[in-house]
Every structure is written in structure tokens, then in C-alpha cells.
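Trainee: So that we are looking at the same thing, I have put the structure below in C-alpha cells.
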Amino acid sequence: MRNSAVKTRVINGLCLAQKYHPSSLDSGCTSHFRVVYCKRFAAAESGFVISTVLPQPFPPDCFLTSKQTPLSTSEWAEDASSTRRHKARQSFNMISAAARRALLTRVAEGLPATARVFPCGQTAQLSQVRCLSATAARKQLIAAPPPPKILLRARGDATPFRFGRPGSPSPLGVALGAFRLFSHSWRGQEKIKTGAGGKQETKADELVTSRDEESLDFKKSEKAAKAAQVNLSARLSKEGKTQSNAGLGEIWRLVKVARPEIRWLALACFFLVIGSSVTMSIPFSVGRVLDLASKGDGNGDNTRLFGLTLNQFFFGLGAILTLGAMANYGRIVLLRIVGERVVARLRSQLYRRTYVQDAEFFDANRVGDLISRLSSDTVIVGKSVTQNLSDGLRSLFSGGAGFAIMVWTSPKLTGLLLLMFPPIAIGAFFYGRAIRNISRALQKNLGTLTKIAEERLGNIKTSQAFVGEVQEVGRYNQQIRRIFALGKKESLTAATFFASTGWAGNMTILAMLIVGGSFVRSGEMSIGDLTSFMMYTAFAGSSLFGLSGFYSELMKGVGAASRLFELQDRKPGIHQTVGVRVVSAQGAIRFNDVSFAYPTRPAVRIFNGLSFEIPSGSNVCVVGPSGGGKSTVASLLLRFYKPNSGTITIDGVDISSMNVKSLRRRIGVVSQEPVLFSGSIAENIAYGNPMAPRADIVSAARRANCNFISDLPDGLETQVGARGSQLSGGQKQRIAIARALLKDPDILILDEATSALDAESETLVNEALAVLLRGRNTTISIAHRLSTIKRSDQIIVLNTEGKVAEIGNYTKLAADPESAFSKLMEWQMSGGEVPEKRSSDSGPHITEAEEMEQEDELEDEEVPEAKQAEKERPQRPDDEAGRQ
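The opening residue of the sequence shown carries number 1 in full-length UniProt numbering; numbering runs sequentially from there.
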């Protein structure tokens, strides 16, 4: 029993390792390698399992060697030499990075064990590929003769493993099991290669290949091919604008983001001019003081400067510097406040813009990416149009003023300085373009990281229930590594640019010292003029660096702003505020020849000429097979989507001409999984009617059978937690019913309202629903439970072709054993599952696997191998091995 459990956990780890990096496991199929822990061997269960020899988190002394025969104990002792150890570490790092990850995974699960992979044919020599890249090494290893059998042995002692010579007899089942476990991806490539060369595969290979191909995946149908035709026209691009160069119009639009704060920005610019003027007066004053000191002979005339005594001059200069400090203080405070206002306004506008988008938009875009745009992107844009803009203007003003004074002081030295300007300007241009592209990629990957964290942490219980912590942490760390790589690239780019420009600036200063010194010796310049010129040169250089930084930060802002503008410019297909205001939604509901496919799956038809009528004030139940479009009826009625053809009318009025908000105010929804927001019970009940009096909230809660509120310490003010996590399923469902009661809708939609509840909770919820159904509203129940179906006035049965199979009451439809309703009920009563119509009607969303594959196509360098390893997931070699 223990051996079986160990085997299962180990195989799961191998599946994970092969998913992340299949090449290292494939390489093990064509080379004989041994991983050895030099201190001690951990005991392992006997059997053909692979696990780790490491009882601690990281292997301090792991060796990988390649020889035709296993090494003896004495040979391993000799292997401790530094040269062989270095070579062993090189091979280990190059070939088996993913294998080492699998070993560490097993250590984390508390499974110390040992393993060997041993081919029965000729082995490849790692010494031949030790100096090659990982890709070249893998190709050379695969070029070795394919192993017909692979032996995997494990022993539970503390001595090195001993194996038979290549070709020694061993159970065929063990060989086939290990072969299937390790070499799915390798065997597929080897099969193509040997087929092209005209060689025949062994019978063992043919047996394993045929059995694996049958069990690896489901055979795809035509519907699956249609479902693969994905329409992502509503998806926002990962990097905003697709053009490589930002035009002046896009930069100007970024600057216009701060237009509402123009008065405060103008005041900040006024303070900036004052502060910069004060700063630029310092070099001139220093030069005059030095000239005065160099010419001073004690006479009174020489002790006056600008008509002032030295004491008066220094006192006035101190007052001017104090004024400059106050101006800088006002500038910084104003810009920080304006920046926060810009960020707050951007977030508010984008959040409001996001909320008015249609369902197609949210089907095509992940929440994590939208959160990234609302959080980090807005901060970057706000900083670009306030603080960064101020720094750029200050650098421009200081640089311009300094350059003018430098020309006035010494045109010759200024000309020498200008020789360095073109290369710096060209370098700044290329640096800015590179930093903009890196910024876009960085923001895209930050959005993906936020998406992963938001989705995984939001479903943490499911992940823990399936022991997926290691896999999810690995996925998160993989994205972190991508972000780190981009950050490293940005750092190297910035370091190269600023180091080169700094060196050029220092060389320029050195040249000016040499030339300026000769001017001083010849009397062409005074020592004060040279000092002032050098200080102005430093200011101009810092201003030039400031402008370079301003340009790079501006490009970062453009990269982030392009993502925001894309969201801001996106127009929804269904406008919520356009149309006739709906005062009452009472009246017959009619679907007239409606055809529909989810926008993200245009080739998969959900409805194909659907027609039925629901009388006003009736209680109608919609039933059908899973994937038949029952919930889609509610989505179309709520105008989440537009039909591809046909019309939906209420009291003879097409709902496409109605105001969406006013229509939804007249419709109440109680879903299978009720959605509660973080807040109190009272806030959730009054969500659809926030101005409802307290008495109405209490009345709705009592009618919904929410008696459990009396047992809560804070009553209606009890916090329900994120998504109602502090309440049970039945309690959340009754709060959702109370919310619908308080809304007093004309149309009530019950979407599987009791399907996920236990018997006691279902009874309480049904009692609450009975109160709700006594009103004069039209009720549409989407259900499969017999108790819900029986109390309906009319039953609409949908078929798998997107049409109505039959309509009638329960007595009529149940009396006919050949009716679609009777067959559906018989199927459910027998404990079977309703055959699904199509693979995609579980929702219009792009699946996570599809999204990850689409992202990896753009980002991963080893995508083909990763996809193949994912599809060819290793299976447990229980069958033949057990029989042998």
C-alpha cells in the first residue's frame, strides 16, 4: 500500500517536471546518468519508482556522470577530485535542470528515495556535448540509437545502486512502463526521424506507441474543431498600441491627461522658474567672488561687488537661496498633489469605462490584466505627466539658460562642448525607444502576474484540495522570472546608456579643463569665468541627463498610457444608456427565430432558430441537456449579448430598442452560485435597491426565510466576507432571494437556484422561493431538479440542436414516455449524466489552457516541446509492470 502511494506521488512529480522542461527527461532516455548524494543514501521503497536521493532542500554535492557501465563504490570515492567534480556539475546543470527540479519537488513532499535510468542499448557520451548549448546537447543526445527498453531500478539500502550490464535480462513490463513514463516527447520525435530514415521500429516500441496514442487524449470531433475557432477581437492587446514608434499625437494625448490641473501645473511651473533661476545664479556669483578675491589688494573698491559690500552681497545671496528653497518646496507639494489627483481621476474614469463594457469584453479579457491597468499603469502615467514633466521642464530651462550663459562667457569652449551633443542625442533616442518597448513588455507581464495571483488565490481551496500548491507556485515563479529578466534587461540598457554618456561628459570636462587652462594662462579668460563656465557645464550636463531621463520616463508613460487609452477608446457593442426607458417589463416574452453563438466562439452555434413564448405572470421552467443553452436564455434576456439573428420581445417590444439599465432594473436574478460582495448582510440585500428603507430590508429577509440572521452577533450588520465566505451555501442563497424580493422585479430568473444545496438548505430555500413566486411577476426557472420542475406552469425543453424540442406542462410531458422530457428525466433518475452538446457552452470564456498556450507562443522559446509534453503526459506504468 505504501509502495503504491509512493509510486503515485512520484509519477505526479515527473508529470510536473516533464511539463516544465521535457528536454531533460528526454535526454535521460538516451544517456546513462546517475545522481548521487555523497553523504548518505536515503532508503527507498523497492519497485520501479523515481524519486529523490536528497533528504534536504538543495544538493550540495550532486554529481552527474556518463559512462558505459555504472561506477563502483571505490570509483565514486575517486570521483571526489575537483576536476571530475567540476565536470560532473557542468553536466548536471546542463542536462538535468528539470530533473533536479523534480528531485527538489519530491524532497518538499517528504519522499527521500533514489533512482536510476538505464538504457539497454548504446548510450550517448555526455563528454561529446558538454560544451554545447542546451538545445544542441539535446539534439545530439536524441541522435543516439533509440532504446527499445529502459530499466529503472530502486533499492532500499544505503549503498550505491548496482545494475546489470547493458542488454542484461529484465522484465519487459518494467521496461515498457519506464519507457512510457519518461519518453513520450522523445519517442514522438524519434519515430519521425526513424520513419524518415526508413528504419523499422521494434515491436516493443510499436506496442507502447499504439497503446499510448489511444489513451493520451480524446478523439476530437467536428464540434471541437469549431470550438477551436476563437474570436478575440474584443481582447485588449497585451502591450497597448502595436506600432513601434510613439507619434507626437500619442505623446500629446498623454500630456493632455493633466489638462484639468492646468492652473496648479502653471503655478508649479512658476515656482520651477524661480527655483531654477536661483540655482543658475550661483555659478555666476561664484565666478565674480573668485575674480574679486584674485584681484583684491585691500582697497575699498576691490571689496565691493555689484555695488554692494561683501557682507551685503552674501546676505542678499542667502535671501535669494532661501527664496529658491521655498519655491522648490511649493513646486514639489503641488506636483505631488496634482499627481495623486491625476491618478485618482484616471482610475475613476477607467473603472467606470470598464464597467460599461459588454459581456464579450469580459469573456475575452482576464480580470488580472484589467486590474494591472487600473493600478500600476495609472501610477506610471500620473507620474509621467506631473513629476516627470516638471523634471523635464526644469532640465530644459536650466540647460537652456546655462547654455546661453556659456555662449556669452566663451563661445570657443561652448563649441567644444557641442561636439559631444550629437552622439549623446542619438544614444538617447535609441535608449528611449528601447526603454519604451521594455516598459510595455514589463507592464504586460506584471498584468499577467496579477492575473495569476488573483485567479489562484481566489480559488485557493480548490488548489489545496488537489494538492496543486507546488504547481501554482511554480507557475507564479515562472512569471516572476520573466519579469526579473525584463527588469535585468532594463537595468543593463540603462547602465550602458548612462555609463557611456557619463564617460563622454567626463571626457568633455577634461578637455575643457585643458583648453580653458590655456585660455586663463593667455589672459583670454579669468579664473572666475573659467570656474563659472565649468559650473554651468556641470549644470548643462545634468540638465542633459535630466532630459534623457525625462525622455525615457516619458516613453514609459507612453507605453503604459497606450494600454489605458486602448481601454478608454473601446466602445461596447451594447450601450447601456441608449434606448427607450423601460417602466414595466410585464407582458409576454417571445423568442422569435433566435440564432446565437458566443462572440468568442463564433463557429459554435448555441441557438439555431429558437422560438418560444412565455405568457405574462406565468411560471416557466427551461430544461435541457448540459450545454443546451439554458443559461444562455437568461443572458440574452438580460442583454448581456446580442442575438446573431432573430428578435426577443417583451410585450411586443424588441428588447434591443430598450435602455439596458432600465430593463435590468425590472429583472431579478437568483443564480446557482449566488454572488455576495464584501460587506454586511444588509448591504447585500439592498444591492439592487440601495435607497430601500431599513424596514423593507428586514421584511425581505424574513420573507426569504433568513431566520439565521437572528443567531448572528451583529445581525444584519454581520460582515459576509469576500464572496460571502463567512456564510453557508444555503444562507447565501436565501440572501440572494431576499435581494430579489426587495427589488420587486417584473421578471424573475432562477438559474439552478437549488441545485448545489443539501436537502435541509433546499427545503428552506424552496420555502423562500414559494413566497417569491406568489407575486405577479413572470418567473423563468432554469433547473433539472424534479421539485422545481413540477411546480412550474409550463416546461420548455431544449434539444442539442439549439431549438425547442417540446413545450407543455409536467403532466402532459411526463405522460408520454417517448417525449424528450421523459427521456431526459429518465436519464437523470438513472444516475447518468446528460450528454453534453459541445465542449464550449460551459461558458464563452477562453479556457486557461488556451490562454496560457497563446501567451507562451509569444514568450517561450521552447514552446513546441512544452506543448508536446503537455499533451503527452506520462501515465502510470501499472499494467504490464504489475503483471510481470
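Virtual Cβ for every residue (Gly too), placed ideally from N, Cα, C.
Keep in mind it's a predicted model, so treat the numbers as computed, not measured.
Quick one: is Ser562 buried, meaning 16 or more other Cβ sit within 10 Å of its Cβ, or exposed?
Mentor: So Ser562 ends up on the buried side.
Trainee: Could you tell me which residues DSSP puts in a beta bridge with Gly609?
Mentor: Answer is none; Gly609 lacks a bridge partner.
Trainee: Apply the 10 Å Cβ neighbour rule to Thr309 and answer buried if 16 or more other Cβ atoms are within range, or exposed otherwise.
Mentor: It is exposed - the Cβ of Thr309 has fewer than 16 other Cβ atoms within 10 Å.
Trainee: So does the region 656 to 666 actually touch the region 575 to 594, counting three or more Cβ pairs closer than 8 Å?
Mentor: Counting Cβ pairs under 8 Å, three or more are found: they touch.
Trainee: Between the C-alpha atoms of Ile655 and Gly339, what's the straight-line distance to the nearest angstrom?
Mentor: Each residue's alpha carbon lies about 44 Å from the other.
Trainee: Suppose the cutoff is 7 Å on Cβ atoms and the five residues either side in sequence are ignored; what does the same chain contact list for Ser398 look like?
Mentor: Result list for Ser398: Ser276, Thr279, Met280, Phe539 and Ser543, in chain order.
Trainee: Considering only C-alpha positions, which residue in the set Gly629, Arg482, Ala738 and Asn777 is nearest to Arg766?
Mentor: At residue 766 the sequence reads Asn, which differs from the Arg that was named. That would be Ala738, whose Cα lies nearest to the Cα of Asn766.
Trainee: What do you get for residue 936, buried or exposed, if any count of 16 or more other CB atoms within 10 angstroms of its CB means buried?
Mentor: Outside the modelled stretch of the chain, which goes from 1 to 884, sits residue 936, for which no answer is possible.
Trainee: What does a CB cutoff of less than 6 Å around Gly724 pick up in its chain, not counting 5 residues either side in sequence?
Mentor: Taken in chain order, the residues that qualify are Leu676 and Lys732.
Trainee: Among Ala425, Glu472, Val804 and Thr448, which residue has its Cα nearest to the Cα of Asn459?
Mentor: Nearest C-alpha to Asn459: Glu472.
Trainee: Measure the beta-carbon distance from Ile685 to Leu742 and round it to whole angstroms, keeping in mind my assumption that it falls under 8 Å.
Mentor: Sure, about 6 Å apart at Cβ, within 8 Å.
Trainee: Give me the Cα-Cα distance between residue 886 and Asn644, rounded to the nearest whole angstrom.
Mentor: No answer is possible for residue 886: the residues shown for the chain start at 1 and end at 884.
Trainee: Could you tell me which whole beta strand (DSSP E) segments of length 3 or greater appear in the region 573 to 601?
Mentor: Entirely contained in the region 573 to 601, the beta strand (DSSP E) runs reaching 3 residues are, in chain order, 589 to 596.
Trainee: Per DSSP, which one or two residues make a beta bridge with Asp751?
Mentor: According to DSSP, Asp751 bridges with Ile782.
Trainee: Give the C-beta separation of Pro572 and Gln357 to the nearest angstrom, bearing in mind that I take them to be a contact with Cβ-Cβ under 8 Å.
Mentor: Indeed they touch by this definition, with Cβ atoms about 5 Å apart.
Trainee: Do Asp529 and Gly307 come within 8 Å of each other at the CB atom, strictly closer than that value?
Mentor: Their beta carbons are not under 8 Å apart, which means Gly307 does not touch Asp529 by this criterion.
Trainee: State whether the region 462 to 480 contacts the region 374 to 393, with contact taken as three or more CB pairs (one from each stretch) at a distance under 8 Å.
Mentor: Result no; under three Cβ-Cβ pairs closer than 8 Å.
Trainee: Closest to Ser518 by C-alpha separation, out of Val604, Ser410, Val620 and Arg785, would be which residue?
Mentor: Here the closest residue by C-alpha is Ser410.
Trainee: For Ala538, which of helix, strand or coil comes out of DSSP?
Mentor: Here Ala538 sits in helix by DSSP.
Trainee: For Gly629, collect the residues of the same chain with a Cβ closer than 7 Å to its Cβ; drop the 5 residues on either side in sequence, then sort them by chain order.
Mentor: So the list reads Ile606, Phe607, Leu798, Gly802 and Asp841, once near-sequence residues are dropped.
Trainee: Which whole-angstrom value is the C-beta distance of Ile807 and Phe596, which I expect to be below 8 Å?
Mentor: Ile807 to Phe596, Cβ: 19 Å. No contact.
Trainee: Would DSSP call Glu566 helix, strand or coil?
Mentor: Three-state DSSP puts Glu566 in a helix.
Trainee: For Asn619, name the three-state secondary structure that DSSP assigns.
Mentor: Three-state DSSP puts Asn619 in a strand.
Trainee: Which residues in the same chain as Phe403 place their Cβ atom closer than 7 Å to its Cβ, once the five residues preceding and following it in sequence are excluded?
Mentor: Correct list, in chain order: Ala540.
Trainee: Skipping 5 residues on each side, what residues in its chain have a beta carbon closer than 8 Å to that of Ile527?
Mentor: Closer than 8 Å at Cβ, skipping near neighbours: Leu290, Asp291, Ser294 and Val520.
Trainee: If we count the other Cβ atoms within 10 Å of its Cβ and call it buried at 16 or more, is Val333 buried or exposed?
Mentor: So Val333 ends up on the exposed side.
Trainee: How many angstroms separate the CA atom of Tyr641 from the CA atom of Ala634?
Mentor: Straight-line Cα distance between these residues: approximately 10 Å.
Trainee: Identify, in the order they occur along the chain, each residue of the same chain with its Cβ nearer than 6 Å to the Cβ of Ala736, setting aside the five sequence neighbours on each side.
Mentor: Cβ neighbours of Ala736 beyond the five flanking positions: Val670 and Pro674.
Trainee: Whose C-beta lies closer than 7 Å to the C-beta of Asp714 among residues of the same chain, with five residues either side of it excluded?
Mentor: Answer for Asp714: no residue qualifies.
Trainee: Going by other Cβ atoms of all chains shown within 10 Å of its Cβ, with 16 needed for buried, is Val804 buried or exposed?
Mentor: Looking at its Cβ environment, which holds 16 or more other Cβ atoms inside 10 Å, Val804 is buried.
Trainee: What residues are listed by DSSP as bridge partners for Gln794?
Mentor: Beta-bridge pairing links Gln794 to Val620.
Trainee: Would you mind working out which of Arg702, Thr779, Gly487 and Ala815 sits nearest Ala434, comparing C-alpha positions?
Mentor: Out of Arg702, Thr779, Gly487 and Ala815, Gly487 has the C-alpha closest to the C-alpha of Ala434.
Trainee: Identify the continuous alpha helix (DSSP H) that holds residue 889 and give its terminal residues.
Mentor: The question about residue 889 has no answer here: the residues shown for the chain are numbered 1 through 884.
Trainee: Taking DSSP as the reference, what is the three-state secondary structure of Asp714?
Mentor: If DSSP states are grouped into helix, strand and coil, Asp714 belongs with coil.
Trainee: If you draw a straight line from the C-alpha of Asp651 to the C-alpha of Ile780, how long is it?
Mentor: Asp651 and Ile780: Cα-Cα distance of roughly 16 Å.
Trainee: What first and last residue would you give for the beta strand (DSSP E) that runs through Val669?
Mentor: Looking at the DSSP string, the run of the beta strand (DSSP E) that includes Val669 is Ile667 to Val670.
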